[in-house]
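Visitor:
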Amino acid sequence: MDSADIILFNAKVITVDPEDTIAEAVALKDEKITMVGTSSEVRSSSARSSAGGRCVEIDLEGKTVVPGFIDAHVHMDATSAFTKPAVNCHIPDVEYVEVTGVVSSRSDILEAIKNRVSVTPAGEWIVG
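My numbering numbers the first residue of the sequence shown as 81 and each following residue consecutively.
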């Protein structure tokens, strides 16, 4: 096994493997996972002993690790800026997304949506 750069231990490591295994520790080398297991297994492994003193160990004190997790949340209004102009549903207005119309009340928003419905083909989405 390659020597580790970082060992995260005393953690709740969600592996997302077919058995939904929850491990305690993970060893990393060049930002890649090289070992997963119990804190004692990973800390006493050759990953640690061959690191030549350069391995950083971090006690996560029970915090959760989700390897490979990418923050994939989206802001629908910003996403719409890359597809087509959206009906403006922001009070106050925002500048980071292309929208049509200016609104200052709930009734303005409903009117803008009604207007967009009147020119949108049946079955098509209206983005707000």
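Every residue, glycine too, gets a C-beta built ideally from N, C-alpha and C.
Keep in mind it's a predicted model, so treat the numbers as computed, not measured.
Measuring CA to CA, which of I193, G208, E137 and L88 is closest to H155?
Guide: Sequence index remark: in the sequence shown, residue 155 carries index 75 (1-based). Ranking the options by Cα distance to H155, first place goes to G208.
Visitor: Mapping the DSSP letters down to three states, classify D139 as helix, strand or coil.
Guide: Within the sequence shown, numbered from 1, the residue matching residue 139 stands at position 59. Note: D139 maps to strand in three-state DSSP.
Visitor: Could you name the residues of the same chain whose beta carbon sits closer than 7 Å to that of D100, not counting the 5 residues immediately before and after it, in chain order?
Guide: Along the sequence shown, one-based indexing puts residue 100 at 20. Excluding positions up to five away in sequence, the list is empty.
Visitor: Beta-carbon within less than 7 Å of S130's beta-carbon, same chain only, minus the 5 sequence neighbours each way: which residues are those?
Guide: In the sequence shown, counting from the first residue as 1, residue 130 sits at position 50. With a pLDDT of only 49 at S130, under the threshold of 50, the placement of this residue in the model should not be trusted, and no figure is reported.
Visitor: Please name the residue, chosen from S185, V93, K112 and D188, that lies closest to V145 on a Cα-to-Cα basis.
Guide: Locating residue 145 in the sequence shown gives position 65, where the first residue counts as 1. Residue V93 is the option with its Cα nearest to V145.
Visitor: Quick one: grab the DSSP three-state call for V106.
Guide: Working through the sequence shown from its first residue, we reach residue 106 at position 26. Strand at V106.
Visitor: Taking the DSSP output, what are the residues bridged to T117?
Guide: Counting from one through the sequence shown, the residue named residue 117 turns up at place 37. It should be noted that the sequence gives Gly, not Thr, for residue 117. Paired residue(s): A105.
Visitor: Under DSSP, the alpha helix (DSSP H) around V199 begins and ends at which residues?
Guide: Start at 1 with the first residue of the sequence shown, and residue 199 comes out as number 119. Counting along the chain, the alpha helix (DSSP H) containing V199 begins and ends at R186 to V199.
Visitor: Go ahead and label L88 buried or exposed: buried means 16 or more other beta carbons lie within 10 angstroms of its beta carbon, across all protein chains shown.
Guide: Taking the sequence shown and counting its residues from 1, the one referred to as residue 88 is at position 8. Looking at its Cβ environment, which holds 16 or more other Cβ atoms inside 10 Å, L88 is buried.
Visitor: Using beta-carbon positions only, say whether E211 and S124 come within less than 7 Å of one another.
Guide: Residue 211 lies beyond the stretch modelled for the chain, which goes from 81 to 208, so this question has no answer here.
Visitor: Helix or strand or just coil, what does DSSP make of V167?
Guide: Here residue 167 refers to the residue found at position 87 of the sequence shown. In the structure shown, V167 sits in a strand (DSSP, three-state: E or B).
Visitor: For a quick check, are the C-beta atoms of D151 and N90 less than 7 Å apart?
Guide: What you label residue 151 is simply residue 71 of the sequence shown in a count that begins at 1. What you label residue 90 is simply residue 10 of the sequence shown in a count that begins at 1. It is not a contact, given that the beta carbons lie outside the stated cut-off.
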